[in-house]
Amino acid sequence: MNALKTTSNGSLDPTPNANHPTLEMLAAIGTGPIVVFGAHPDDGVLGVGGFAAQVVRWRRTVFVTATRGERGGDPRVRTAEDQEAARVLGVELIQWDLPDCGIVLQEAFDWISATLQSLHPSIGFVHWPEDSHQDHRMMSEAARSACRQVPTLLYYEGPTSEDFKPLLEIDISAFWQQKHSALMSYSSEMERGRFMVWADDKARQRSWPRHKGGYCETFGVHHVDLIALSTALAGHRATNKVTVFATA
Numbered sequence: 066m067n068a069l070k071t072t073s074n075g076s077l078d079p080t081p082n083a084n085h086p087t088l089e090m091l092a093a094i095g096t097g098p099i100v101v102f103g104a105h106p107d108d109g110v111l112g113v114g115g116f117a118a119q120v121v122r123w124r125r126t127v128f129v130t131a132t133r134g135e136r137g138g139d140p141r142v143r144t145a146e147d148q149e150a151a152r153v154l155g156v157e158l159i160q161w162d163l164p165d166c167g168i169v170l171q172e173a174f175d176w177i178s179a180t181l182q183s184l185h186p187s188i189g190f191v192h193w194p195e196d197s198h199q200d201h202r203m204m205s206e207a208a209r210s211a212c213r214q215v216p217t218l219l220y221y222e223g224p225t226s227e228d229f230k231p232l233l234e235i236d237i238s239a240f241w242q243q244k245h246s247a248l249m250s251y252s253s254e255m256e257r258g259r260f261m262v263w264a265d266d267k268a269r270q271r272s273w274p275r276h277k278g279g280y281c282e283t284f285g286v287h288h289v290d291l292i293a294l295s296t297a298l299a300g301h302r303a304t305n306k307v308t309v310f311a312t313a
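Okay, so the sequence shown: first residue is 66 according to my numbering, each after it adds one.
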């Protein structure tokens, strides 16, 4: 379908058209929560923080952090930073205690499955499968198996993603400062790496050319509820906007 149109090199087709998915269209999929799986503190916020800051206003949004990030710093500090970032975004946070740099596929699958049974989400996000960090790859593979009954599973981009191929684009310009503030909550990590520079550069890059000068997040697709998305697209074509959610 046109909403998932790509160019010959696999990147998002920037040609403006009435079928291009918007935040409202993507968030129209199902009525259950949105869940974001990340291997470490800051992973989910780097990839999905802007989208989450917007959609949490009308949909329950839950971030799941699999490890305490102990290989990258004091786990008590990183856990507290993760909690502060969730507060800034307004999302719920679930923190597991799997070993940093030692996530095992079966254990990740079991934990993800238990979380899905509890939350019954309509949309899941997880790391892009091609990644230089082993924990990211394990979480992605486990989610692909565990989320078979979740209507939509999307991939987000991170600093260690490789050959990322986005198919969906969300303009987060109005919520960039909130995402920036959430990322700054991870002061120990932001100081250790150049992740804030990556986040800023990548969001600006992904905004071109349709949202030139702004900030965007882009997502890969494992599977998507095409019926719900097509319904939202039809409404967009007919009315030039989508009003799907009651906020109260």
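A virtual CB, placed ideally from N, CA and C, is assigned to each residue, including glycine.
Residue range 281 to 288 is occupied by the beta strand (DSSP E) that includes Phe284.
The distance from the Cβ of His185 to that of Gly97 is about 5 Å, consistent with a contact at the 8 Å cut-off. Within the same chain, Cβ atoms closer than 6 Å to the Cβ of Glu195 are found at Glu227, Asp228, the five residues on either side in sequence being excluded. Of the candidates Ser253, His201, Trp273, Val191, the residue whose Cα lies closest to the Cα of Gly114 is Val191.
Around the CB of Gln119, 16 or more other CB atoms lie within 10 Å, so the residue is classed as buried. Residue environment for Asp107: buried (at least 16 other C-beta atoms within 10 angstroms of its C-beta).
Here Leu218 carries a strand assignment [DSSP, helix/strand/coil].
Excluding its 5 nearest sequence neighbours in each direction, Asp147 has C-beta neighbours in its own chain below 6 Å: Pro106, Thr130, listed in chain order.
Ranked by how close their Cα comes to the Cα of Gly278, the residues Ser246, Phe128, Ile237 have Ile237 in first place. Looking from the CA of Ser246, the closest CA among Ser178, Thr217, Val110, Arg257 belongs to Val110.
Relative to Gln270, the option among Leu248, Ile235, Trp123 whose CA is nearest is Ile235. In the structure shown, the three-state DSSP call for Trp161 is strand.
As summarised for the stretch 196 to 283, the continuous beta strand (DSSP E) elements at least 3 residues long and confined to that stretch are 217 to 221, 233 to 236, given in chain order. Collapsing the DSSP output to three states places Gly134 in coil.
Annotated as proximal: Asp165 and Glu135, with beta-carbon spacing under 9 Å.
Shown here, Thr144 sits in a helix according to DSSP, grouped into three states. Less than 9 Å divides the Cβ of Val289 from the Cβ of Thr217.
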